[in-house]
Amino acid sequence: MEKDKSLEEKIRKHFHGRKRLRDDKLHKFLEDNDIPENRYDRVISLLGANGIKVYRSGSDDNFVSDSDKSTIRAYLDDISRYDLLSKKEERKLLEAKHDNFMEMSNLMFTHLPLVREIDSRVRDSGTTTGISRMFFYCRDYNDMALEDKLKDMLSGIVQSLQKKKTGYNKKIKDAVEKMSPKEDFMKNFFDMFLWECKDKRKVDKFRNLYLKYETVKKKLAESNLRLVVSIAKNYAHGGLPFLDIIQFGNIGLMRSIEKFNIKIYDTRISTYSTWWIKQSINRGITDNTDTIRLPNGRVHEKKKINEYKNRYFAENGRYPDLEYISEALDIKRGNIEKLSKTTNIISLDSVKEKNSTFGTIMDSKIKAPYTKTQTKQMKKSIDNLLCVLDARERYVIEGRYGLKDGETHTLDELGQGIDVTRERIRQIESKAIRKLQRIVMSEKLEYLEEFTYDKNKSTRKRL
């Protein structure tokens, strides 16, 4: 234990602030500090616990493999063809996108079954938060509950469509303008409208508007592809190929363009998109690099904790205790303890050398984590089960089935332990088992026998 503490302190001091480390540098560190090679795996584990990843010295300085270089270069050459937009040009495209979308929405709201479906979803959502995911808030209706406002408008549209009074199209258009439906919500009904609407003129108009709408979105995305690459460079150490990181960023960019409403946001699309790009990349890395996925909130907490610990170490020369971290970051101590125990997980199928995996070099005598967890849970279940027995009954059951020390004992051996006859021990055992059977199903007692036996080595002692 003392050796591990000393080794960890050396690692922290020597590699402080590092996120990645070449394996040749690590071997030099082992040589300079007289650390034997058989401790290599332990050093790797300690580095992982401190947020440092080890990579092969043959890899590229920018963490891009040789096979990917030409592909990345071709992609960068391709996006360089697209010109950046001026603020005026971008504004014009955003206005065109908004106008096309609103015209499509107006057409969709003239289809009665679709309006009824939207009305049903609004009523089913039941909360302001749920409705806010469907429609932008309208300031003209601050004095009314958002739910009531939308329900009244949708009911008015339904009545207009049913009665078809003079000027009903204008009433629908005004209502849609006030509701300001969100693009990602209305997209769910595009196919429904095209499939169910029998008015060929409306369908053709909708298709033309949709084509213009997608063309504008494409131009906005193309002009911001360089922004994605710029942000993606900061995540080059995330454990994914660089091109994959770029594509996750592009997904975030497209989502932000859909979310952007020119009537509400008065910023450049690049400013608005930055957060969406980062969020999409972070989620992509989390979903695709961790063997066991942590929730995004926990990943963010872990990142905050590590950053704070490193900053504190740089200022004070030591790491803060859990109470100090908890108070500084307003995170529960229990959460900090759990997150501190999480380490980098290596798949047994991952290649360590040319013809071997981590699974082939593992000591076969070491129990698998699943087996350890199963045994631990089994012990806990048995302990809970035995709580209903008195001291003598528990002594006999534990002795007969080897629950305490792993060794089973005969009736005579147990009788000598408490100075009673073997017949009395048999009676106590029978009584204890009947008591357990009355509390739980008899199948649960199979755990006792499973826990006692080693399939390959021993059998239960018989009288």
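The numbering used here numbers the first residue of the sequence shown as 39 and each following residue consecutively.
Positions of the beta carbon are idealized from the N, C-alpha and C atoms, including for glycine.
All values derive from a computational prediction rather than experimental measurement.
Delimiting residues of the alpha helix (DSSP H) encompassing residue i
| i | result |
| --- | --- |
| V426 | No alpha helix (DSSP H) contains V426, which DSSP labels as neither H nor E. |
| Y350 | N334 to N354 |
| A259 | K238 to E260 |
| K268 | Sequence inspection shows Ser at residue 268; the Lys mentioned does not correspond to that position. Note, S268: alpha helix (DSSP H), L263 to A270. |
| D137 | K125 to M146 |
| D229 | F228 to E234 |
Whole-angstrom C-beta distance between residue j and residue i, which should lie under 8 angstroms
| i | j | result |
| --- | --- | --- |
| M292 | F231 | With 8 angstroms as the limit, M292 and F231 do not qualify as a contact, their Cβ atoms being about 22 angstroms apart. |
| L449 | I420 | Rounded, the Cβ-Cβ distance is 21 angstroms, inconsistent with contact. |
| L377 | I323 | Contact doesn't hold; Cβ gap of about 17 angstroms is too wide. |
| H447 | R460 | Rounded, the Cβ-Cβ distance is 11 angstroms, inconsistent with contact. |
| R371 | E361 | 7 angstroms |
| V267 | L123 | Incorrect: roughly 17 angstroms between the Cβ atoms, too far for contact. |
| N144 | V214 | 5 angstroms |
| S318 | G287 | 6 angstroms |
| N88 | I49 | 7 angstroms |
| E141 | L249 | Contact doesn't hold; Cβ gap of about 12 angstroms is too wide. |
| V81 | L45 | 7 angstroms |
Residue i in three-state terms, based on DSSP
| i | result |
| --- | --- |
| P151 | helix |
| A366 | helix |
| R159 | helix |
| E46 | helix |
| P407 | helix |
| K442 | coil |
| F280 | helix |
| D178 | Low confidence applies to D178: its pLDDT is 44, below 50, so where it sits in the model is not reliable enough to give any reading. |
| K493 | Low confidence applies here, because K493 scores a pLDDT of 41, under 50, leaving its location unreliable and the question unanswered by this model. |
| I463 | helix |
| V458 | coil |
| R111 | helix |
| G96 | Residue placement at G96 is flagged as unreliable, the pLDDT there being 42, under the threshold of 50; the coordinate-derived value follows with that caveat. Of the three classes helix, strand and coil, the one that applies to G96 here is coil, per DSSP. |
| T305 | coil |
| A470 | helix |
| F121 | Strictly speaking, residue 121 in this sequence is Asp, with Phe absent from that position. The answer is coil: DSSP assigns D121 none of H, G, I, E or B. |
| N116 | A small fix is needed here, since residue 116 is Asp in this sequence, not Asn. Helix, per DSSP. |
| Y357 | coil |
| I435 | helix |
| H447 | coil |
| I300 | coil |
| I73 | coil |
| F53 | coil |
Short CB-CB distance (under 8 angstroms) between residue i and chain C
| i | result |
| --- | --- |
| A270 | The question asks about chain C, but that chain is absent: this structure has only one protein chain. |
request  = Evaluate contact between the segment 254-268 and the segment 126-142, counting only Cβ atoms and requiring at least three cross-stretch pairs below 8 angstroms.
outcome  = Yes: at least three Cβ pairs fall under 8 angstroms.
query = Quick one: any contact between the segment 292-301 and the segment 209-225, if contact means 3 or more CB pairs under 8 angstroms?
reply = The segment 209-225 and the segment 292-301 touch, with three or more beta-carbon pairs separated by less than 8 angstroms.
Meets three-Cβ-pair contact criterion under 8 angstroms: the segment 104-120 and the segment 266-285 = Note that the segment 104-120 touches the segment 266-285; at least 3 beta-carbon pairs, one per stretch, sit closer than 8 angstroms.
inquiry  = For the segment 230-246 against the segment 149-158, do three or more pairs of beta-carbon atoms, one drawn from each stretch, fall closer than 8 angstroms, so that the two count as touching?
reply    = Result yes; three or more Cβ-Cβ pairs closer than 8 angstroms.
key: Touch test, the segment 430-437 against the segment 466-475, Cβ-Cβ under 8 angstroms, three pairs minimum   = Counting Cβ pairs under 8 angstroms, three or more are found: they touch.
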